[in-house]
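> Numbering (the working numbering), first residue to last: 1 to 315.
One structure follows; several queries about it will come next.
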């Protein structure tokens, strides 16, 4: 009996070069050379400012200075804003009886809301801000009372709750954006007073951002305005332009983070649709619109609209 053609081996999933491969060693040499040159360029640059979370870091002439980028007020306002988002994530799209893990999470949030309400007036917020945080937290406590009353909460009631929080959420975003911009401005202006005109002309900034909050990032917008870059307001993001002085640095992703990012986009689309009626709303910073308005008033200028690529001619 004639033999059939031999089955071909499945393609290998191991694509990386072996450590003993001379090309692998050559690649290592390239990386080392690249890193050395990069470090040399960085050492010769200056001044440079980085915004990383709550801090601003200035490197200038061998000195390293650290200053605030935000105050505690920023976090207080954003945490309260996150409560309706958390309840939406846990309660929306549910079918059937609630599982124990979700019930425990909601119960924990309910306890924390109760404790937080007791101390709202002691946080040094303005009367309007205190009343706003109390409205959000009390409305959230009320929806949780419905959840645990035995009757649960209908999709209509949850939708009404989430939409009712939007005005206060956006006011919190405005105040949080103002806190960051005012804090950054005070720090940066104090540093700029020490710089020569030549240093000011060379000043560059880098902002550590997450992928989903990159467009309209508050710090990127601020640096774009104060360093004289092209400013696109709430749609501001890093563009590939020669000589750009403001860059956004995204966190590097491993495999787990890459898959998590896919899930984040799906979840953000749901939250954006439910809260703002815009699926892609959370693809720009929640504070972006507020930052644009604040910066327009602060610097007496209007943002330029995003560049639109020319539509290719049909053949």
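Idealized CB from N, CA, C, for every residue including glycine.
Since we're looking at a predicted model, the values are computed, not measured.
#1: Please list the terminal residues of the continuous alpha helix (DSSP H) segment that includes residue 73.
#2: Cα-Cα, which of 71, 232, 271 and 55 is closest to residue 301?
#3: Give me the residue from 60, 297 and 50 with the minimum Cα distance to residue 43.
#4: Specify, as a first and last residue, the run of the beta strand (DSSP E) that residue 197 falls within.
#5: With DSSP as the reference, label residue 125 as helix, strand or coil.
#6: For residue 186, which of helix, strand or coil comes out of DSSP?
#7: Could you tell me which of 46, 86 and 78 sits nearest to residue 270, measuring between CA atoms?
#8: Do you know whose CA, among 33, 92, 28 and 132, lies nearest residue 166's CA?
#9: Which residue comes first and which comes last in the beta strand (DSSP E) that contains residue 63?
#10: Measuring alpha carbon to alpha carbon, tell me which residue in 176, 203, 250 and 209 is nearest residue 229.
#11: Measuring CA to CA, which of 106, 299 and 224 is closest to residue 248?
#12: For residue 19, is the classification buried or exposed, using 16 other Cβ atoms within 10 angstroms of its Cβ as the cut-off for buried?
#13: For residue 193, count neighbouring C-beta atoms within 10 Å of its own C-beta (all shown protein chains included) and say buried if the count is 16 or more, exposed if not.
#14: Grab the span of the alpha helix (DSSP H) containing residue 100 for me, first residue to last.
#15: From what residue to what residue does the alpha helix (DSSP H) around residue 295 run?
#16: According to DSSP, residue 60 sits in a beta bridge with which residue or residues?
#17: Assuming residue 322 is part of the beta strand (DSSP E), what are its boundary residues?
#18: Do residue 105 and residue 90 count as a contact pair if the criterion is CB distance below 8 Å?
#19: Give me the Cα-Cα distance between residue 288 and residue 113, rounded to the nearest whole angstrom.
#20: Bridge partners for residue 55 per DSSP, in chain order?
#21: Report the three-state DSSP secondary structure of residue 227 (helix, strand or coil).
#22: Taking 8 Å as the cut-off, does the region 268-287 touch the region 156-172 (at least 3 CB pairs, one atom from each stretch)?
#23: Who are the Cβ neighbours of residue 78 in its own chain at under 6 Å, not counting the five residues just before and after it?
Checking against the coordinates, here is how it stands:
#1: 72-91
#2: 232
#3: 60
#4: Segment 197-202 is the alpha helix (DSSP H) holding residue 197; no beta strand (DSSP E) there.
#5: coil
#6: helix
#7: 86
#8: 132
#9: 63-68
#10: 203
#11: 224
#12: exposed
#13: exposed
#14: 100-118
#15: 288-299
#16: 63
#17: Residue 322 lies beyond the range of the chain shown here (1 to 315); nothing can be said about it.
#18: yes
#19: 27 Å
#20: 52 and 68
#21: coil
#22: yes
#23: 176
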